[in-house]
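Written below as structure tokens is the structure these notes are about.
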Amino acid sequence: MKDVTIIGAGVTGSAVARELSKYDLEITVLEKESDVCEGTSKANSGIVHSGYDAKPGTLKARFNVEGNKLIHELSKSLDFPFRENGSLVLALEEEGRAGIEELLERGRRNGVPDLRIVERDELKEMEPNVSDSAVCALYAPTGGVVCPFNMNIAFAENAADNGVAFRFNTEVISIEKKTGEDGRIFYHLETSNGSFDTRIVVNAAGVYADRFHNMVSEEKLHITPRKGQYCLMDKTVGGLVKHTLFQLPTKLGKGILVTPTVHGNLMAGPTAEDTDNPEDTSTTAEGLDTVLSRGALSVSRLPRMTITSFAGLRAHEDGGDFVIGEIKDAPGFIDAAGIESPGLTAAPAIGVYIAGIVRDLLNPSEKKDFIRTRKGIPSMALATDEERAALIAADPAYSHVICRCELVTEGEIRNAITRTLGATTVDGVKRRTRAGMGRCQAGFCLARTIPILAELLGKSEEEIEKSGAGSYYVRGNIKDNL
Amino acid sequence: MKRDLVIIGGGPAGLAAAVSARKEGLEDILIIERDTRLGGILNQCIHNGFGLHTFKEELTGPEYAARYITQVEDEKIPYLLDTMVVDISYDESTGDKKVTAMNSRDGLFTIDARSVILAMGCRERPRGALNIPGYRPAGIYSAGTAQYYVNMEGRMPGKKVVILGSGDIGLIMARRMTYEGARVLCVAELQPYSGGLKRNIVQCLDDFGIPLLLSHTVVDIMGKRRVEGVTIAEVDENRKPIPGTEVFYECDTLLLSCGLIPENELSNKLGVRMNPVTGGAVVNESLETSIPGVYACGNVLHVHDLVDYVSGEASEAGKNAVRFLKSEDAAEDDGDVINIRTENGVRYTVPSTVRISKMPDTLTVRFRVGNEYRDKNLAVYLDGKQLMKLPKRVMAPGEMEQIILVKSKAQEIISGAENREHELVIRVEDKE
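First to last, the protein sequences are chains U and G.
To convert, take the position in the first sequence, counting from 1, and add 864; that gives my numbering.
To convert, take the position in the second sequence, counting from 1, and add 33; that gives my numbering.
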């Protein structure tokens, strides 16, 4: 019997796992994909929201503001890239002023610090490339940008370092509420990879969370996967804006944001399109057009320098708010459902909150040897010349560049594969090191990354996949088919 | 470490530049190559067709590279392999160029270079830059990546292939994949004309019955894990897909051959002036960039069709770098300058300025047109006077064009003019 089983190794599940790993508990995370950060957590805006957007009194508002504070601290102790670049919500017409004032008021009620409205002149000074039609903006200095991959990975690695077990390629098929001989309720989980009995289930299954909730509760949830498409642009235009530029929703619809990423690219998106297919992460011509044309409303000239485009799915619950907490008619089953924006920001706060629920239920003792910090993979691209020289001196593999665009070395890739919860796929290496994330999009480094994965995992190159079963690259030798 | 000449890149451009600089008597040369061997992309171009201009015979890529590598070895020109240049800077007051590089033997090190030749080559345009919608599964490769797998590793990146873009590497790979046992269903090209050389269309597609679909593009990619198929549609004159023309091709692989981009990260770090049309540096008649003593040649300067032209250009760069080193104290050039302007179908030229005093007796000016033209004239004017009018049966964006400027003729026209700045115009004109 496990103490806690967490479904989903996205940012929410990993944050919960990390918080719970402070206690003496037997915890398992089940993930249907081959790695952490494979669903909603890998395809979003990477924004740390300040918290003015959610309606006061909602869970979104509460966990957003709390999460923002936590990320400021955790980015240091768990060593993931975060930058407090500040956000601006633009009113692109005079009629928008009222909306900006409303957001300001809402933000203040939510407890967001240092909010203020900036007028056109100051706005132009802050953002020289902002659109001329912007009349004023709400300035939220605590808004930031984060590496969504490495935040998720950092939580998971630290959880694993503290004893949490992660089982990948393990899809939960059914959950049954049972009562044991001792009269205590427990849950029996059938998965594609064995069955588990557990006291507590934490449902952090993203767009699938309603499915699991509804297996154990009469009060049904309904989640709609809401597609968001993005265009990521070349680093040469990453400095076009310094802040994250949101648009006040207008009659044209919810705005498209334009932001620098924490790594220095420029990004625009997302669209908001409801779909009934929880696996539909395809982009569309119309969607990408919308991103570029609407994004162009915020800046005087949005360069057409896309290096990649992608789509993610947000888990939108019908009620419109996060659904977090123990289910009334399913004791010990804890939802973290409907985690759409600002879910990335909220994740660490949700982790703390759910850990509190579990603590109250199981009364575990605190771990004495809890490892509080985690060190990320050194980055040659960001290192100073002195740091570079030191890294190479310690391990010459740090001099061997595999990804030219992002300056990622063999040393970094080996580190990514051999560390706690190391990468097992090409995408896993990419998200941990940025190899393949640059302007050539792995045209050069793919064929150099695969052999390193094969060597360290003891596999053949043919067995190395992009991101899980069936996503193979090379099959067979030349002339096999002749 | 100090060096008279540092050449960044040991591909065809860097090799030819080094050999030529040595022939001009320069001792202190260093080639820095990031790969494990010299030769650059030629190493994976195992098809023939190289060297017809330079050596008057048909060589494979590795054979062509070997001709230059042998010369580098014979001349004992030093080179570093597996060495990546990570930074380069220019000190305007001293004229020094500081090159920072790293490898496993020497760690991180810097070189003070008196002159630098940029010869980093180019890379392929990725899917993202083309904004192709659909899923993002495994099985989408640039044609060059597929070429690496097949020719260098002996592995098959796929069995049933659609190729988007008719660039030369894509055409070559259509034939190669067929040779190696794959089925190539078609090559789709967004433009109404091919992006590659005519000879490659004949030898790589026509000879194998592979259809070339002009004015077609990929509008959707299916497959969550591995490519399961692509949808191709015809496009209108604005390159927009025409509804109702979609055809689904079941395949496991999509190769992209949609253009090459000069690899100029280092040039940008150095701060040389760039040409937005070519994606390469702006250079004068000596192939010198806006920074004195820094030269560019080969595909990092502008994308070439034939390696023979790369070698020729690089030899000039090598020669000019030596001239720079030998006459570093010479007074600033204050003579006549010709600025080249392109219009009416001509997209750019290399070089884009010509200093008459530094101009050789004949100067090759290379350029591309932006559309397919049939039975037109190529007209060249200097200060409004017609310098030449060349009848052209076919001109296409996929085939680089060139004209030869004769110094004496240019001098004749501009002599007596009051201003020192002159304008040369190259344009496509109708035949009378």
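Heads up, the beta-carbon is just placed ideally off N, CA and C, and yes, glycines get one too.
Note that the structure is a prediction, hence the values are computed from the model and not measured.
Just the chain G side, please: which residues come within less than 9 Å of residue i by C-beta, in chain order?
i: F1197(U); result: The contacting residues do not exist; F1197(U) stays about 30 Å from chain G at best.
i: C1304(U); result: R156, E157, R158, P159, S175, I294 and E296
i: L1148(U); result: The amino acid occupying residue 1148(U) in the given sequence is Thr; Leu does not appear at that position. Near T1148(U) (Cβ distances below 9 Å), the residues of chain G are P166, G167 and D253.
i: A1024(U); result: Residues of chain G passing the Cβ test: none, with the nearest at roughly 26 Å.
What do you get for residue i, buried or exposed, if any count of 16 or more other CB atoms within 10 angstroms of its CB means buried?
i: Q1093(U); result: buried
i: A879(U); result: buried
i: H1052(U); result: exposed
i: D362(G); result: Model confidence at D362(G) stands at a pLDDT of 48, short of 50, so the residue's coordinates are unreliable; what they give is reported in the following sentence. So D362(G) ends up on the exposed side.
i: E445(G); result: exposed
i: T1172(U); result: buried
i: Q419(G); result: exposed
i: Q180(G); result: buried
i: D240(G); result: exposed
i: F1110(U); result: buried
i: I1017(U); result: buried
i: A450(G); result: exposed
i: V1036(U); result: buried
i: L85(G); result: exposed
i: A1257(U); result: exposed
If you follow the alpha helix (DSSP H) that residue i is in, where does it begin and where does it stop?
i: A1023(U); result: P1012 to D1025
i: V105(G); result: G94 to D107
i: F927(U); result: L923 to S941
i: M210(G); result: D201 to Y212
i: T1209(U); result: G1207 to L1226
i: Y342(G); result: V340 to K359
i: Q444(G); result: K440 to I447
Give the residues of chain U in contact with residue i, contact being defined as C-beta atoms less than 7 Å apart.
i: E213(G); result: I1342 and K1343
i: N164(G); result: L1152, T1170 and S1173
i: M34(G); result: Per Cβ cutoff of 7 Å: no residues; M34(G) is ~15 Å from chain U at best.
i: D463(G); result: Those within 7 Å of D463(G) in chain U number zero; the least Cβ separation is about 32 Å.
i: M117(G); result: V1265
Run through chain U and tell me which residues come within less than 9 Å of residue i, C-beta to C-beta.
i: E270(G); result: Per Cβ cutoff of 9 Å: no residues; E270(G) is ~18 Å from chain U at best.
i: E283(G); result: In chain order: nothing, as chain U lies at least about 16 Å away.
i: R67(G); result: V1265 and R1268
Ends of the beta strand (DSSP E) at residue i?
i: V418(G); result: The displayed chain sequence assigns Lys, not Val, to residue 418(G). Its beta strand (DSSP E) spans residues K418 to M428.
i: N254(G); result: Per the sequence shown, residue 254(G) should be read as Ile rather than Asn. Run containing I254(G): H249 to M255, per the beta strand (DSSP E) assignment.
i: R1090(U); result: I1087 to M1097
i: G1058(U); result: G1058 to N1067
i: I41(G); result: K35 to I41
i: F1076(U); result: Element bounds for F1076(U): not the beta strand (DSSP E) but the alpha helix (DSSP H), A1073 to V1080.
Just the chain G side, please: which residues come within less than 7 Å of residue i by C-beta, in chain order?
i: F1174(U); result: R169
i: P1260(U); result: S137
i: V1338(U); result: Y182, R188, M189 and P190
i: A1210(U); result: By Cβ distance, chain G contributes nothing, its closest Cβ being about 27 Å from A1210(U), past 7 Å.
i: I1256(U); result: M135, G140 and L141
i: G1307(U); result: R156, E157, P159, S175, G177 and T178
i: E1143(U); result: K257
i: L1310(U); result: T178
i: L1346(U); result: G214
I want to verify the contact list: residues of chain C whose CB lies under 8 Å from the CB of residue i, in sequence order.
i: T133(G); result: The structure shown contains no chain C; the protein chains it does contain are U and G.
Kindly examine the ligand HEM and report whether one of its heavy atoms sits closer than 7 Å to the Cβ of residue i.
i: L396(G); result: Among the ligands in the structure shown, none appear at all, so the ligand HEM cannot be discussed.
inquiry  = Counting only Cβ-Cβ distances shorter than 9 Å, please list the residues of the stretch 175–206 of chain G near chain U, keeping chain order.
reply    = Within the stretch 175–206 of chain G, the qualifying residues are S175, G177, T178, Y181, Y182, V183, N184, M185, E186, G187, R188, M189, P190, G191 and K192.
ask   = What residues in the stretch 888–918 of chain U bring their beta carbon closer than 7 Å to a beta carbon of chain G?
value = Listed by position, the residues of the stretch 888–918 of chain U near chain G (Cβ gap below 7 Å) amount to none.
request  = Using a Cβ-Cβ cut-off of less than 7 Å, give me the residues of the stretch 140–158 of chain G that come near chain U, in sequence order.
outcome  = Correct list: G140, L141, R156 and E157.
request  = Residues of the stretch 250–281 of chain G with a CB closer than 7 Å to any CB of chain U: list them in chain order, please.
outcome  = Taking 7 Å as the Cβ-Cβ cut-off, the stretch 250–281 of chain G approaches chain U at V252, K257, R258 and R259, given in chain order.
ask   = Between the stretch 1196–1216 of chain U and the stretch 1176–1187 of chain U, do three or more beta carbon pairs fall short of 8 Å?
value = These segments touch.
Contact list for the stretch 1102–1122 of chain U against chain G, Cβ threshold 8 Å = Correct list: empty, as no residue qualifies.
inquiry  = Which residues of the stretch 1261–1277 of chain U have a Cβ closer than 7 Å to any Cβ of chain G? Give them in chain order.
reply    = Legend: CB atoms of the stretch 1261–1277 of chain U lying less than 7 Å from CB atoms of chain G belong to residues S1263, H1264, V1265 and L1271.
The stretch 97–106 of chain G contacting the stretch 46–62 of chain G, beta-carbon criterion three pairs below 8 Å = Contact between the stretch 97–106 of chain G and the stretch 46–62 of chain G is present, because at least three Cβ pairs lie under 8 Å.
Interface positions of the stretch 1321–1336 of chain U facing chain G (Cβ-Cβ less than 9 Å), listed along the chain = Cβ contacts with chain G come from E1325, E1326, E1329, K1330, S1331, G1332, A1333, G1334, S1335 and Y1336.
ask   = Touch check for the stretch 1137–1152 of chain U and the stretch 1042–1062 of chain U: three-plus C-beta pairs under 8 Å?
value = They do not touch, by the three-pair rule.
ask   = Per the contact definition of three or more C-beta pairs closer than 8 Å, is the stretch 328–343 of chain G in contact with the stretch 304–315 of chain G?
value = In short, these stretches touch, since the Cβ pair count reaches three.
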